[in-house]
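Peer 1: Supplied in structure tokens, the structure appears directly below.
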Amino acid sequence: MPKLERKLARRLGETNAAYNLIEDGDRILVAVSGGKDSWALLDVLERLRKRAPVTFAVEAATVDPGFPQFNPDPIAEVCERLGVPHHVIPAPIDKMVRSKPEELPCIICSRLRRGVLYSFAKQHGYTKIALGHHLDDLIETLLINLFFEGRLSTMPLRLVSDDGANTVIRPLGTCEEKDLQRYAWLRGFPIVPCGCPLCGCSSLESRRKQVKELIGSMEGSIPRLKASMLGAMGNVKLSHLLDLNLGALHAKGVDEAVERLG
64 MPKLERKLAR
74 RLGETNAAYN
84 LIEDGDRILV
94 AVSGGKDSWA
104 LLDVLERLRK
114 RAPVTFAVEA
124 ATVDPGFPQF
134 NPDPIAEVCE
144 RLGVPHHVIP
154 APIDKMVRSK
164 PEELPCIICS
174 RLRRGVLYSF
184 AKQHGYTKIA
194 LGHHLDDLIE
204 TLLINLFFEG
214 RLSTMPLRLV
224 SDDGANTVIR
234 PLGTCEEKDL
244 QRYAWLRGFP
254 IVPCGCPLCG
264 CSSLESRRKQ
274 VKELIGSMEG
284 SIPRLKASML
294 GAMGNVKLSH
304 LLDLNLGALH
314 AKGVDEAVER
324 LG
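Given below as structure tokens:
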């Protein structure tokens, strides 16, 4: 097994053990956009499936946003080569974005994609939806929410939907973006553009770029910056924060309960 694949597989295994992401008998629907992150996730998961001590199934789903420039055929071809069943799910994202020019297009797109995947997974009996977010995504989202939204939150590695019908997992959430990028390149996966004419133009993408540059500027002077931030996201002291929504809960008791769960 090549060194980089071993590194990603080890990280995925550690994350899975800590957060119980993949369980025996799972049917996992992997969201594959054709980007580097989703390709790495699909390939690493499928390779893990073949040697894992538990039995689970992996299938891929691509949301077709309706943009004329989007072509899912290369994704279908690679999935066929990997032996992974592939589904294309149409969604009226193009029409919805054009009908609501006052809203951020990336927010509309993300919301619709999530809804389409939730519905498809529930309808066809998948137990988990796997997304390709990585450590850089988690850190950037944490800082975007902190700097621009006034809240302390990020993307959890395991999330049950509000209605309890779907469980979302992010198996590569502790892996760095640069490793996924190199892995996808080494494996020769085609990068398929989403076809959105507004891609990268929204204020949300501008914020993400700004935060990414900030992190990059700090990495040279702060050793193990990303590792430290990953550790911080799993080491929350509720009694040292200011959230009044804790209400009558005794903050120290909450902290102790969280530590016992950890």
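Counting in this note's numbering, the sequence shown runs from 64 upward without gaps. Beta carbons are placed, not taken as given, at the ideal position from N, Cα and C, and that holds for glycine.
Classify D39 as helix, strand or coil using the three-state DSSP reduction.
Peer 2: Summary: the structure shown does not reach residue 39, with the chain confined to residues 64 through 325, and so no result is reported for it.
Peer 1: Does the stretch 225–236 come close enough to the stretch 187–204 to have 3 or more Cβ pairs within less than 8 Å?
Peer 2: Touching, yes.
Peer 1: Beta-carbon separation of L180 and I156 under 8 Å?
Peer 2: Going by C-beta atoms, L180 is not nearer than 8 Å to I156.
Peer 1: Leaving out the 5 sequence neighbours to the left and right, which residues in its chain are closer than 6 Å to P153 when beta-carbon positions are compared?
Peer 2: Excluding residues within five positions, the ones whose Cβ falls inside 6 Å are D127.
Peer 1: Have a look at E109, V231 and C172 and flag the residue whose alpha-carbon is nearest the alpha-carbon of R144.
Peer 2: Per the Cα distances, E109.
Peer 1: Buried or exposed: which applies to G97, given that a residue is buried once 16 or more other Cβ atoms fall within 10 Å of its Cβ?
Peer 2: G97 comes out buried.
Peer 1: In terms of residue numbering, what span does the beta strand (DSSP E) encompassing I91 cover?
Peer 2: Counting along the chain, the beta strand (DSSP E) containing I91 begins and ends at R90 to A94.
Peer 1: Less than 8 Å between the CB atoms is what I'm expecting for A120 and A94, so what's the real figure, rounded?
Peer 2: With 8 Å as the limit, A120 and A94 do not qualify as a contact, their Cβ atoms being about 15 Å apart.
Peer 1: Are the stretch 248–256 and the stretch 134–144 in contact at 8 Å, needing three or more beta carbon pairs?
Peer 2: Touching, yes, given that three or more Cβ pairs across the two stretches are closer than 8 Å.
Peer 1: Taking DSSP's pairing of strands, which residues face V223 in a bridge?
Peer 2: DSSP output for V223 lists T230 as bridge partner(s).
Peer 1: Taking C-alpha atoms, which residue in I207, G213 and T217 lies nearest to R271?
Peer 2: The candidate whose alpha carbon is nearest that of R271 is I207.
Peer 1: Can you name the residues that DSSP bridges to P137?
Peer 2: According to DSSP, P137 bridges with nothing at all.
Peer 1: Are there 16 or more other CB atoms within 10 angstroms of the CB of R73, so buried, or fewer, so exposed?
Peer 2: By the 10 Å Cβ count, R73 comes out exposed.
Peer 1: Thinking just about the alpha-carbon of each residue, which of P131, H149 and A80 is nearest to the one in P116?
Peer 2: If we check each option's Cα against that of P116, A80 comes out closest.
Peer 1: Which residues in the same chain as R69 place their Cβ atom closer than 8 Å to its Cβ, once the five residues preceding and following it in sequence are excluded?
Peer 2: Taken in chain order, the list of residues that qualify is empty.
Peer 1: Would you report the Cα separation of L293 and D136, rounded to the nearest angstrom?
Peer 2: Going from the Cα of L293 to the Cα of D136 covers about 36 Å.
Peer 1: Does H197 come out as helix, strand or coil in the three-state DSSP assignment?
Peer 2: Looking at H197 - three-state DSSP - the assignment turns out to be coil, as it is neither helix nor strand.
Peer 1: If you drop the 5 nearest sequence neighbours on each side, which residues of the same chain put their C-beta closer than 8 Å to that of A314?
Peer 2: Note that A314 scores a pLDDT of 49, beneath 50, so its modelled location is shaky and nothing firm can be said.
Peer 1: Could you spell out the range, first to last residue, of the alpha helix (DSSP H) harbouring V107?
Peer 2: Segment K99 to R114, the alpha helix (DSSP H) holding V107.
Peer 1: DSSP beta-bridge partners for V151?
Peer 2: According to DSSP, which records beta bridges pairwise, V151 is partnered with T125.
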